[in-house]
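**Q** Residue numbers (my numbering), protein chains in the order written: chain R, 893 to 1314; chain W, -17 to 371; chain L, 64 to 326.
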Amino acid sequence: MFKDKSHIVRIFSIIVVLGVIGFIARQIALPENFGLHGHYRWEANNQNRALPIINQNSNTCKSCHEGIYQLHGKDAHYNVPCVDCHGAGNLHVTYHKDSLGTITKEQAVMPREFKLEGCLFCHRKLKARPSDFPQIDQDEHYKFLNVTNKGTKCIECHSPHEPVFLLTEVKQSRIHPIVYKCTECHNKKPEKSFKEVADHPAIFECKDCHSSVVKSFEVRPHHKYIDCRTCHLYHKENETTGRIYKNGNVKFCLLCHEKKSFKDEKYPPKIDWPSHIGNLNIIEKSDEKICLKCHADQIHDMNQNTKEDPHPKNWTREHKSFTKDNSQLCQKCHTTNQCSSCHLKTKPVSHVPSWSKLHPESAAQNKSSCEFCHKQNSCANCHKVEIPHPKGFEETHKDVVSQKGKDVCAKCHKEDFCKQCH
Amino acid sequence: MEHIAEGFVFPNELHITWTVMIVLYPYITGMVAGAFIVSSFYHVFGMEKLKSIAKFALVSSLAFLLFATVPLLNHLGSPMRAMNIMLTPNFSSAMSGFGFVYTFYLLIVVLEVWFCYREEIIDKYNSSRGIMKKLYYILTMGVTVKSDKAKEFDKKLIIFLAGFGIPVACILHGYVGFLFGSIKANLWWSTPLMFIIFIFSAIVSGLSVLIFLYQFVHWLRKKPVDQECLNLMGKWLWGFMIIAVVLELMEVLSIAYENTERWTILRELIDGKLLVSYVYLQIGVFSVIPFLLLCVTSLFKFDTRIKNFMIWLSSGMLLIQVLLMRWNVVIGGQLVSKSMRGFTEYFPGLFDKEGLIVSVLIIAIPFILLRQFDKIFPFFEKHGLLKKN
Amino acid sequence: MEKEEKLNDSESAKMERRQFLRLGLYSAAGVLCGSFFAFGKGDKDIVVDNYEDLLKYDWGFIVDTTRCIGCGACVRACKVENNVPESYFRTWVERYEIDSKGEIRVDSPKGAIESFQSDNFDSNDIVKAFFVPKLCNHCYDSACTQVCPVGASYESPDGVVLIDKERCVGCGYCVQACPYGCRYIDEEKGIADKCTLCYHRIHKGEAPACVNACPRNARIFGNLKDPNSKIRKILNQRRYGLLKAELGTNPKCYYIGLDKEVK
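1. Quick one: list the residues of chain W neighbouring leucine 922 of chain R, beta-carbon separation under 9 Å, in chain order.
2. Could you run through the stretch 235 to 266 of chain W and flag, in chain order, every residue whose CB is less than 7 Å away from some CB of chain L?
3. Which partner residues does tryptophan 122 of chain L have in the DSSP bridge list?
4. If I'm right that phenylalanine 18 of chain W touches serine 34 of chain W with Cβ under 8 Å, what's the distance once you round it to whole angstroms?
5. Give a yes or no on whether 8 Å exceeds the smallest Cβ distance from methionine 77 of chain W to chain L.
6. Taking all protein chains shown into account, do 16 or more other C-beta atoms lie within 10 angstroms of the C-beta of aspartate 249 of chain L, making it buried, or fewer, making it exposed?
7. Would you mind reading off the limits of the alpha helix (DSSP H) that contains glutamate 1286 of chain R?
8. Less than 8 Å between the beta carbons of glutamate -5 of chain W and serine 319 of chain W, yes or no?
9. Does the stretch 309 to 325 of chain L come into contact with the stretch 192 to 208 of chain L, if we say contact requires no fewer than three beta-carbon pairs (one atom in each stretch) closer than 8 Å?
10. Say whether chain W places a C-beta atom closer than 8 Å to the C-beta of aspartate 170 of chain L.
11. Just the C-alpha distance for aspartate 289 of chain L and lysine 296 of chain L, rounded to the nearest angstrom, thanks.
12. Would a check of beta-carbon distances place asparagine 56 of chain W closer than 8 Å to chain L?
13. Which ranges does the alpha helix (DSSP H) cover as unbroken runs of at least 4 residues, wholly within the stretch 259 to 298 of chain W, from first to last along the chain?
14. Since alanine 206 of chain L meets chain R, which of its residues come closer than 8 Å, beta carbon to beta carbon?
15. If you measure beta-carbon to beta-carbon, which residues of the stretch 320 to 343 of chain W are closer than 7 Å to chain R?
16. Along the chain, where does the alpha helix (DSSP H) that runs through arginine 353 of chain W open and close?
17. Take leucine 352 of chain W as the anchor and find which of W/Val158, W/Ser269, W/Tyr107, W/Leu40 has the nearest alpha-carbon.
18. Would you check if the distance between the CB atom of leucine 257 of chain W and the CB atom of glycine 314 of chain W is smaller than 8 Å?
19. Spell out whether any CB of chain W is found under 8 Å from the CB atom of leucine 117 of chain L.
20. Where alanine 132 of chain W and phenylalanine 97 of chain W are concerned, what is the direct C-alpha to C-alpha distance, given to the nearest angstrom?
21. Compute the distance between the beta-carbons of proline -10 of chain W and arginine 323 of chain W, then report whether it is under 8 Å.
22. Which chain W residues sit within Cβ distance under 8 Å of arginine 918 of chain R?
23. Taking contact to mean 3 or more Cβ pairs, one atom from each stretch, closer than 8 Å, check whether the stretch 43 to 59 of chain W and the stretch 196 to 216 of chain W are in contact.
24. Taking a contact to mean a Cβ-Cβ separation below 8 Å, would you say isoleucine 1163 of chain R touches lysine 1151 of chain R in this structure?
25. Do asparagine 947 of chain R and asparagine 275 of chain L have their C-beta atoms closer together than 8 Å?
26. Can you tell me which of the three DSSP states threonine 952 of chain R falls into?
27. Taking the beta carbon of asparagine 938 of chain R as the centre, do at least 16 other beta carbons fall within 10 Å, making it buried, or is it exposed?
28. Listing by chain order, which chain L residues have their CB less than 8 Å from the CB of tryptophan 0 of chain W?
29. In chain order, what residues of the same chain lie with their CB nearer than 8 Å to the CB of phenylalanine 182 of chain W, ignoring the 5 residues before and after it?
30. Taking buried to mean at least 16 other C-beta atoms within 10 Å of its own C-beta, is glycine 233 of chain L buried or exposed?
31. Shorter than 8 Å from the beta carbon of glycine 244 of chain L to some beta carbon of chain W?
32. Which residues in the same chain as serine 321 of chain W place their Cβ atom closer than 7 Å to its Cβ, once the five residues preceding and following it in sequence are excluded?
33. Output, in chain order, the set of chain R residues within a Cβ distance shorter than 8 Å of tryptophan 96 of chain W.
34. So isoleucine 132 of chain L and arginine 279 of chain L are supposed to be a Cβ contact under 8 Å. How far apart are they, rounded?
35. Distance, Cα to Cα, phenylalanine 268 of chain W vs methionine 299 of chain W?
36. Going by DSSP, what residue range makes up the alpha helix (DSSP H) through lysine 197 of chain L?
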């Protein structure tokens, strides 16, 4: 019986033996500390941890390049780590820290020549980029700046460590600041003004170019509450002026200046809308820039006097040619009988019978008002001399007296006038 | 190699990870499982009609099984570490069972083959000399005496092994389907139907390769075939291919009908990258034509020569169909980006490590091995002699 | 300045304590290499030698898509730091552009290692566009570690999905299983590879290379187990999304400002 099954017994015992051998082999071949903390080799965790660090932290760079690190930390690139432009730097650091190492000096040199493309990685104009991030359309930018060589690198003008503040040669260019607030570079608002910090990089300000506007704006009582940016978009390359938001639309002005029940009555000055223009009887309501029509010159200089005379100082003289072409425009503010207050057909009320004696006083005060009716040289008709007397007349009056006689002087001056000096 | 992607694919998806080697692996194991199940029909269920092909089925199963791992090893990034899968199997992974299922199945097949051929090995031992005699002695395990009682035990064991082997064969191959079907990340693979499809297509490929070789060998040797056996096999092939193809189509249909997010991209896949290999070839040519041919051979009686040719032709076409199906599943699934926005491109190079020439070699070697095996222990000898006499 | 805060205070306090002890020991022993040690690892050295120490950490990641400018500095830094093969990426940046007709174009040329060229659509026609940096999500229930047949891919005690490079057989199953396309087969080494959150850096007090390189702080990294960490505070304040949350992988990389188009 057993004899007939012997081959079966043999083959199955071989299988069992092979199985046992296999099991023992597995136990031997099982890697050390496998399954210690889960179904994996625990040592692998340490091996993964043991790899060398390649990309250096900017703090490591700082330990040698303190100066440039500080400079870089103050400008718009403050958050761009050194590795982004200069490469990983592991060889550089190892070479300089461990002079006995195998790294050659050539390997330790870090890239400093930056290609145009390198800057465009971040700053090429793309729709997908957040719109508040500075972006350049290279063609537009170069066209704007009249750069003819398309291969011109950004670093020809922009210092990579202080990109906002241009290199000295081009500091005078028309580029406007893109840093508006301290907090755009600093994490917290600094206590001191940048002017009080000795080595603070220069900052372009509005007043660098628009000094008169900014100066007059600053005397406004409430300039503390709003700044240039409240109303102005800064120059962009495809826009030519620092124009007002919404292009001066009346609605933008009214956001602050319209009377509403929920608003503070006093500040800022409010108007009833649209009765304000209704009262003034001025223009069509469809005109969007209506506020600017009258108030354009008062926006920065809040001096209320200008409201009484919005025209330039020599306006009385120059308005003649202007009114010829734009008589309707004048009528937006002035009624037609306002002309006749100056341009009279009869003698003015002021010209009382004794006027010939009284007129010198008012003529001295406001000679131009005489010129509404009288020709410029009409004084000479009676006085025979230049009125008022030109400079140095004290020296030359001798000749005039001897030529034209004392009567000429006697029209204004009393007889004892000469004795005051002579 | 230039990779061209359509739409958007994740940058890591430009190169596909599983190449034509992973197409071959389920193809080969499919034939293994299919052939084994056919041989089990005879051994376990006593289908005498299949007797003339049972031995051949069993041995070809072994031949393919021995080479099933070759494409895998060729594909592995670190083939030297292949044994890790037995050393530290991670049982949360579907793949970790591979080592054990494969070994277990190999054991069953080897044992069954050994029990089937034990007497013939003893005969060879008795008739050979020198080194060959020693080799045969080892193969006999030192038992060189034949006895009727031992033969009876062998037969019982063969029935047991064959019966036990059926579920293991299904597991071995069904698990390959599960391997794909359980990948939730892949839009084209992820379906519970996948492993059922794989089992049925395995049986189709197993039946096909047996019919194809059986007829081919008999035609080559100018010997008549066992017509009853062939008819039965033809009918089975017909039945199983219907189930397999219907399942494949139902899977696509259910994805299409559910009309979820993934259908939008899978429709593009079927309509674009897989239009030729899936719609035109796998379904249009290599499924419909064999189906029609097998309909005719199964349902009508006519000249056996034409009938046999039609069965042979359809078995050959179904072999290609299954290969195409493996391609469309394995490669097709990887062409779709996980971003659901595009497709990558893949075609194996000719001379690559995982290229076409290597693939042809891997497919061809089991057949060469089978030929060598046939020289020592002829599969069809007895039957052929009977017919001759 | 920001970078320094990436490791939170309690960690640094602990590190200082350790550093102090360590330096004390070194000076007592008269070991000169103490200074070298202090240099190499910076002033914030986390020394973790045992399992229990690692359990105090659960490294998480925030990607603020609203801040990303798509410069690709992270991709470049990662390539160098981890020696990533040329055609594969551990992190990359995707660009999404949607035009007025609702058509969507997504691209990531070479993973954005050289940033992006011009807009894909007519610039004036784009109604919405944004960048999304991607990296391994280090999922709590990662599909990739589940399917690794040999236990070469694992989740470390401090919550980082890592690969045992000595055991990986390179079968590629994990590459298939990752729904995010974050894994690849390194053909040269014959193993799978992926983002390690710069495991070698984070244990030496450094931020991962991509975080270190980001000029816009669009990437934030920290310990989720520390209620005072920066990452926790941000997660408590901001609204964020997860990638493919429906797959149940439970990713640990939180995306601020995630759009529905991002998959």
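We put the CB at the ideal spot given by N, CA and C, even for glycine. The structure presented is a predicted model; accordingly, all values stated were derived computationally and were not measured.
**A** According to the structure data:
1. Chain W residues near leucine 922 of chain R: Leu69, Thr70.
2. So nothing in the stretch comes that close.
3. L/Asn286.
4. Rounded to the nearest angstrom, the Cβ distance from phenylalanine 18 of chain W to serine 34 of chain W is 17 Å, too far for a contact under 8 Å.
5. At least one CB of chain L lies nearer than 8 Å to the CB of methionine 77 of chain W.
6. With 16 or more other Cβ atoms within 10 Å, it is buried.
7. For glutamate 1286 of chain R, the enclosing alpha helix (DSSP H) starts and ends at 1285 to 1296.
8. Taking 8 Å as the Cβ cut-off, glutamate -5 of chain W and serine 319 of chain W qualify as a contacting pair.
9. Because the criterion of three Cβ pairs below 8 Å is met, the stretch 309 to 325 of chain L and the stretch 192 to 208 of chain L touch.
10. Yes - at least one Cβ of chain W is within 8 Å of the one on aspartate 170 of chain L.
11. Going from the Cα of aspartate 289 of chain L to the Cα of lysine 296 of chain L covers about 10 Å.
12. For asparagine 56 of chain W, the answer is no, since every Cβ of chain L falls outside 8 Å of its Cβ.
13. 270 to 281, all fully within the stretch 259 to 298 of chain W.
14. Residues of chain R whose Cβ lies closer than 8 Å to the Cβ of alanine 206 of chain L do not exist, since the nearest Cβ in that chain is about 16 Å away.
15. Residues passing the 7 Å Cβ filter: none.
16. In the DSSP assignment, arginine 353 of chain W falls within the unbroken alpha helix (DSSP H) covering 338 to 358.
17. Of the candidates W/Val158, W/Ser269, W/Tyr107, W/Leu40, the one whose C-alpha sits nearest the C-alpha of leucine 352 of chain W is W/Leu40.
18. Not in contact: leucine 257 of chain W and glycine 314 of chain W (Cβ atoms no closer than 8 Å).
19. Taking Cβ atoms only, chain W never reaches closer than 8 Å to leucine 117 of chain L, which makes this a no.
20. Roughly 10 Å between the two C-alpha positions.
21. The identity of residue -10 of chain W in the sequence shown is phenylalanine, whereas the question assumes proline. Their beta carbons are under 8 Å apart, which means phenylalanine -10 of chain W touches arginine 323 of chain W by this criterion.
22. Result: Met68, Leu69.
23. Taking 8 Å as the limit for Cβ pairs, the verdict is that the stretch 196 to 216 of chain W does not touch the stretch 43 to 59 of chain W.
24. Yes, the pair counts as a contact, with Cβ atoms nearer than the cut-off.
25. Cβ distance < 8 Å, so asparagine 947 of chain R and asparagine 275 of chain L count as in contact.
26. In the structure shown, threonine 952 of chain R sits in a helix (DSSP, three-state: H, G or I).
27. Around the C-beta of asparagine 938 of chain R, fewer than 16 other C-beta atoms lie within 10 Å, and the residue is accordingly described as exposed.
28. Within 8 Å Cβ-Cβ: Gly235, Gln239.
29. Contacts found: Phe222, Ile225, Ala226, Leu229.
30. By the Cβ-count criterion, glycine 233 of chain L is buried, with 16 or more other Cβ atoms from all chains shown falling within 10 Å of its own Cβ.
31. Chain W, which has a Cβ nearer than 8 Å to the Cβ of glycine 244 of chain L, makes this yes.
32. Hits under 7 Å: Phe(-10), Val(-9), Phe(-8).
33. Chain-ordered, the chain R residues with CB closer than 8 Å to the CB of tryptophan 96 of chain W read Ile903.
34. With 8 Å as the limit, isoleucine 132 of chain L and arginine 279 of chain L qualify as a contact, their Cβ atoms being about 6 Å apart.
35. Roughly 6 Å between the two C-alpha positions.
36. No alpha helix (DSSP H) holds lysine 197 of chain L; the beta strand (DSSP E) holding it covers 189 to 198.
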